[in-house]
Amino acid sequence: MNMRIPILKLREVLIVSIQWELDDQTALQFQEDLLKKMHDTSAKGVVIDLTPIDFIDSFIAKVLGDVISMSGLMGAKVVITGIQPAVAITLIELGIRLENVMTALDLENGMDKLQQELEA
Numbered sequence: 060m061n062m063r064i065p066i067l068k069l070r071e072v073l074i075v076s077i078q079w080e081l082d083d084q085t086a087l088q089f090q091e092d093l094l095k096k097m098h099d100t101s102a103k104g105v106v107i108d109l110t111p112i113d114f115i116d117s118f119i120a121k122v123l124g125d126v127i128s129m130s131g132l133m134g135a136k137v138v139i140t141g142i143q144p145a146v147a148i149t150l151i152e153l154g155i156r157l158e159n160v161m162t163a164l165d166l167e168n169g170m171d172k173l174q175q176e177l178e179a
């Protein structure tokens with residue numbers, strides 16, 4: 060069963076809350092859905108909340124890294140919220156750099172950070 064990750068739009072920001080461990084197919088579908096929604100809505104920012112996720116494998120980590128890079132190429136600023144320690148370790152170990160990405164403890168802080176960035 061392939062579940063789609065909901066992507067909400069709030070003003071000029073897309074909000075994604077990943078609520079379950081992703082399988083490869085769902086991750087690729089998410090990548091496609093998010094990029095299409097960014098294109099369709101001309102979103103200026105994306106908040107990806109990973110709070111419930113306490114483990115990611117190398118493929119999902121790569122897809123996440125690609126989503127972040129592609130979002131930047133499409134002109135959107137990205138905030139990742141709720142990164143758990145094991146997820147942070149996996150990203151670093153795999154060499155996935157989050158250079159142009161803001162991070163925040165939770166969704167609310169992430170929205171605040173993104174709003175400040177968009178108003179700057």
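Every letter in the sequence shown is one number past the one before it in the numbering used here, and letter 43, counting from 1, is 102. A virtual CB, placed ideally from N, CA and C, is assigned to each residue, including glycine. Since this is a predicted model, take the numbers as computed values, not measurements.
Proximal residues to L164 (C-beta, below 8 Å), its chain only, five neighbours per side dropped: Here residue 164 refers to the residue found at position 105 when the sequence shown is read from its first residue. T140, G141, listed in sequence order.
Segment contact flag, the stretch 60 to 74 with the stretch 110 to 126, C-beta cutoff 8 Å, min 3 pairs: no
Length of the line joining the Cα atoms of E158 and M170: Your numbering for residue 158 matches position 99 in the sequence shown. Your numbering for residue 170 matches position 111 in the sequence shown. Distance between the alpha carbons of E158 and M170 is about 19 Å.
Spatial distance of L177 from E80 (CA atoms): Locating residue 177 in the sequence shown gives position 118, counting from the first residue. Locating residue 80 in the sequence shown gives position 21, counting from the first residue. If I take the Cα positions, the gap works out to 30 Å.
Strand pairing of L67, partner residues [DSSP]: Numbered from its first residue, the sequence shown carries residue 67 at position 8. I74, per the DSSP bridge assignment.
For A120, the nearest candidate out of V146, M97, S101 (CA to CA): For the purposes of this step, residue 120 is identified with residue 61 of the sequence shown, where counting begins at 1. Measuring from the Cα of A120, the nearest candidate turns out to be V146.
Proximal residues to Q143 (C-beta, below 6 Å), its chain only, five neighbours per side dropped: Translated into the one-based positions of the sequence shown, residue 143 becomes position 84. Answer for Q143: D113, listed in chain order.
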